[in-house]
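1 is the number of the first residue of the sequence shown in full-length UniProt numbering; add one for each residue after it. These notes concern the structure reproduced below.
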Amino acid sequence: MQFMMPLDTNACAQPIRRAGEGAGTERLMERLNIGGMTQEKALRKRCFGDGVAGTARCVFTSDADGDTVHLRTQSSRKNYADASFVSAVILGGGTGVQLFPLTSTRATPAVPVGGCYRLIDIPMSNCFNSGINKIFVMTQFNSASLNRHIHRTYLGGGINFTDGSVQVLAATQMPEEPAGWFEGTADAIRKFMWILEDYYNQNDIEHIIILCGDQLYRMNYMELVQKHVDDGADITISCAPVDRSRASDYGLVNFDNSGRVIQFFEKPEGADLESMKVDTSFLSYAMDDTQKYPYIASMGIYVLKKDVLLDILKSKYAQLRDFGSEILPRAVLEHNVKACVFTEYWEDIGTIKSFFNANLALTEQPPKFEFYDPKTPFFTSPRYLPPTKLEKCKIKDAIISDGCSFSECTIEHSVIGICSRLSIGCELKDTMMMGADLYETEEETSKLLLEGKVPIGIGENTKIRNCIIDMNARIGRNVVIANAEGVQEADHPEEGYYIRSGIVVILKNAIIKDGTIM
Numbered sequence: 001m002q003f004m005m006p007l008d009t010n011a012c013a014q015p016i017r018r019a020g021e022g023a024g025t026e027r028l029m030e031r032l033n034i035g036g037m038t039q040e041k042a043l044r045k046r047c048f049g050d051g052v053a054g055t056a057r058c059v060f061t062s063d064a065d066g067d068t069v070h071l072r073t074q075s076s077r078k079n080y081a082d083a084s085f086v087s088a089v090i091l092g093g094g095t096g097v098q099l100f101p102l103t104s105t106r107a108t109p110a111v112p113v114g115g116c117y118r119l120i121d122i123p124m125s126n127c128f129n130s131g132i133n134k135i136f137v138m139t140q141f142n143s144a145s146l147n148r149h150i151h152r153t154y155l156g157g158g159i160n161f162t163d164g165s166v167q168v169l170a171a172t173q174m175p176e177e178p179a180g181w182f183e184g185t186a187d188a189i190r191k192f193m194w195i196l197e198d199y200y201n202q203n204d205i206e207h208i209i210i211l212c213g214d215q216l217y218r219m220n221y222m223e224l225v226q227k228h229v230d231d232g233a234d235i236t237i238s239c240a241p242v243d244r245s246r247a248s249d250y251g252l253v254n255f256d257n258s259g260r261v262i263q264f265f266e267k268p269e270g271a272d273l274e275s276m277k278v279d280t281s282f283l284s285y286a287m288d289d290t291q292k293y294p295y296i297a298s299m300g301i302y303v304l305k306k307d308v309l310l311d312i313l314k315s316k317y318a319q320l321r322d323f324g325s326e327i328l329p330r331a332v333l334e335h336n337v338k339a340c341v342f343t344e345y346w347e348d349i350g351t352i353k354s355f356f357n358a359n360l361a362l363t364e365q366p367p368k369f370e371f372y373d374p375k376t377p378f379f380t381s382p383r384y385l386p387p388t389k390l391e392k393c394k395i396k397d398a399i400i401s402d403g404c405s406f407s408e409c410t411i412e413h414s415v416i417g418i419c420s421r422l423s424i425g426c427e428l429k430d431t432m433m434m435g436a437d438l439y440e441t442e443e444e445t446s447k448l449l450l451e452g453k454v455p456i457g458i459g460e461n462t463k464i465r466n467c468i469i470d471m472n473a474r475i476g477r478n479v480v481i482a483n484a485e486g487v488q489e490a491d492h493p494e495e496g497y498y499i500r501s502g503i504v505v506i507l508k509n510a511i512i513k514d515g516t517i518m
């Protein structure tokens, strides 16, 4: 296992391999400043205490220990990235077709995840934890719940912005552009450039980081910005290694030994996909089998110099609407575009299957990703809910959110959202239950049952597996949801559910009557 650390060439004694003396993969790893943040921080502290490291000069091998490094140096870095001069733009996404029906009444970033969070909380929290507090969120489709969550969490939730702010920019019809909808990632930013440019100039913004709201990961964005500054890049693309099965879902990059991107291909297939294969052996320090990941994919996270962004959107590529499919393939030929490879956990959860798997993976021991980290917490709306109440329940490998009430039920390998209610005899396995927005008292629940109606939650003796249950669903007694026939795709909105990739999705506010079998 090898660690890369930004160091001065005179900083450390042996064992060190100087840049240019080792294999080509070592030189490439050095130039890319690969992202393992925990490893980087540990090595930075070992060599520089709590200071900031210098520019990339050498590579540590696995036999370096605490006694090996015995010298400290002054940093050779001339320019330091300051979060005060960085602004973030979070793109709210399009119609969310791939996450339908979860996006039938909400924008993709407003979809609940991990029991009590929303997808928008991921980039927002990463920004705050990175010290970036000048944030714009672009919204368009079904944005009411997203706007409400942002207001409750980040505008009225007690977060102190000091000199920063969070501003929501909703798609707006302009006099000179009758069609007000965003027509791509670049078009979304361009349509509000009149606001952004004025803000950037007033606040002396130097760099803009562009983010999306349908991914699960933890990243210090300022490490990416610092890499961007150190390289003197016009554009820096945050990338991740992917296997062949997922490669065609992303924009793929190819780069030279200096880390400069020489080719960007959006969602290639066939021979084009084959041409984008790269030698990922330089990632062997962070991955067990690099041959399984022969492609480097764009994460949809970009850092741009302010002047470059303005030039691209207002002049050079003024007619182009999307970064991935149109602008970046051209920009790599005309600009200094660099790659930064991120090797920690990252999951694009833009489909029902990936969303489902990523949520259930949170219950594994140990999980590949955890929301809890005392140093870099994820923020969400403060709901002030009571603790969950459990009565004679069997729970194994599960995440249980606040405000729930369970009685004599069994839960296995499942994520249970806020304010969920499970009655006697319920069995949930491999299920994501998003919970509810409101409580029904015991009196209200009893009254509904006496009237032959279904209260919010899950009724007695209901068995559910391999299922996503959206918010405020009402599932009756003696219901079986198992997709025993293995149906892969089905639409039954009148009955309150869809099936996507073999996963049953119960609709928001759906009513599933007693005795229903799916």
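Think of the CB as a built atom: it goes at the ideal place given N, C-alpha and C, for glycine as much as any other residue.
Going by Cα to Cα distance, which pick from the options is closest to residue i?
i	options	result
Lys513	Met471, His492, Gly452	Gly452
His207	Asp230, Leu216, Asp214	Asp230
Asp279	Ser423, Gln291, Met287, His335	Gln291
residue 601	Cys409, Asn478, Ile469, Ala484	Missing from the structure shown is residue 601; the chain here goes from 1 to 518 and no further.
Asp307	Ile456, Ile132, Ala510, Asp198	Asp198
Lys191	Asn203, Ala171, Ile205, Tyr200	Ala171
Phe255	Glu269, Cys239, Phe141	Cys239
Lys353	Glu326, Asn466, Ile395	Asn466
Ala81	Leu224, Gln167, Asn478, Ser401	Leu224
Ile142	Pro109, His151, Ile135, Ile90	Sequence check: residue 142 is Asn here, not Ile. The residue with the shortest Cα to Cα distance from Asn142 is Pro109.
Gln140	Thr105, Arg118, Met124	Thr105
Phe100	Asp121, Ile506, Ile517	Ile506
Tyr317	Glu266, Asn478, Lys463, Ile189	Ile189
Ile400	Ala107, Leu119, Gly114	Gly114
Asp187	Asp121, Asp289, Leu309	Leu309
Gly164	Ile312, Gln226, Ala83	Ala83
residue 523	Asp397, Arg118, Glu391	Because the chain is modelled from 1 through 518, residue 523 falls outside the range shown and cannot be assessed.
Lys267	Leu328, Phe406, Asn257	Leu328
Phe182	Asp288, Met138, His149	Met138
Arg260	Ala286, Val168, Gly232	Gly232
Leu304	Ser281, Glu344, Val341, Ile205	Ile205
Asp234	Glu391, Leu428, Val337, Glu364	Val337
How close, in whole Å, do the beta carbons of residue i and residue j come, if the pair is a contact with beta carbons under 8 Å?
i	j	result
Asn359	Met432	5 Å
Lys438	Glu347	Here the sequence assigns Leu to residue 438, which means Lys is not the residue at that position. That pair is no contact at about 30 Å.
Tyr295	Leu252	5 Å
Ala339	Ile237	6 Å
Asp322	Gly184	3 Å
Val454	Arg474	4 Å
Gly502	Gly476	Actually they do not touch by this definition, with Cβ atoms about 23 Å apart.
Ile122	Phe356	Incorrect: roughly 17 Å between the Cβ atoms, too far for contact.
Ile135	Val166	5 Å
Ile411	Ile424	Contact flag wrong, Cβ pair sits at about 13 Å.
Over what stretch of residues does the alpha helix (DSSP H) that includes residue i continue unbroken?
i	result
Ala482	Taken as a continuous stretch (DSSP letters only), Ala482 belongs to no alpha helix (DSSP H), as it is neither H nor E.
Tyr200	193 to 202
Ala331	328 to 334
residue 528	With the chain represented from 1 up to 518, any question about residue 528 goes unanswered, as that position is not in the structure.
His149	144 to 150
Cys409	From DSSP, Cys409 is part of no alpha helix (DSSP H); its letter is neither H nor E.
Met165	One detail in the question is off: residue 165 reads as Ser in this sequence, not Met. Taken as a continuous stretch (DSSP letters only), Ser165 belongs to no alpha helix (DSSP H), being part of the beta strand (DSSP E) at 165 to 170.
Ile122	121 to 129
Could you pull the start and end residues of the beta strand (DSSP E) that residue i belongs to?
i	result
Lys353	Not the beta strand (DSSP E): Lys353 falls in the alpha helix (DSSP H), residues 352 to 361.
Asn466	463 to 469
Lys375	Run containing Lys375: none; DSSP gives neither H nor E here.
Leu252	251 to 255
Asp402	First-last for Asp402: undefined, no H or E at that position.
Ala436	Note, Ala436: premise wrong, no beta strand (DSSP E); not H, not E.
Arg500	497 to 500
Asp514	Per DSSP, Asp514 belongs to no beta strand (DSSP E) and is neither H nor E.
Asp491	489 to 492
Asp348	346 to 348
Met287	Careful: Met287 lies outside any beta strand (DSSP E) and carries neither H nor E.
Ile135	134 to 139
Any heavy atom of the ligand NAP closer than 6 Å to the Cβ of residue i?
i	result
Phe264	Ligands in the displayed structure: none, and consequently the ligand NAP is not present.
Pick out the complete alpha helix (DSSP H) segments inside the segment 213 to 241, 4 residues or longer, and give them in chain order. As summarised for the segment 213 to 241, the continuous alpha helix (DSSP H) elements at least 4 residues long and confined to that stretch are 221 to 231, given in chain order.
Checklist entry - Are there three or more Cβ pairs, one per stretch, closer than 8 Å when the segment 300 to 311 is compared with the segment 194 to 213? => result yes
List, from N- to C-terminal side, the beta strand (DSSP E) runs of 3 residues or more that fit wholly inside the segment 290 to 324. 295 to 305
Inspect the CB distances between the segment 383 to 390 and the segment 239 to 254 and report whether three or more fall short of 8 Å. Counting C-beta pairs closer than 8 Å gives fewer than three between the segment 383 to 390 and the segment 239 to 254, which falls short of the contact rule.
With three or more beta-carbon pairs closer than 8 Å as the criterion, would you say the segment 369 to 376 touches the segment 479 to 488? no
- [ ] Report yes or no: do three or more beta-carbon pairs, one from the segment 120 to 130 and one from the segment 94 to 103, lie closer than 8 Å?
- [x] no
### Query
Quick check: the segment 325 to 343 against the segment 141 to 158, are there 3 or more CB pairs under 8 Å?
When C-beta atoms of the segment 325 to 343 are compared with those of the segment 141 to 158, fewer than three pairs fall below 8 Å, so the two segments do not count as touching.
Whole beta strand (DSSP E) runs in the segment 84 to 113 with 3 or more residues, listed along the chain?
86 to 91
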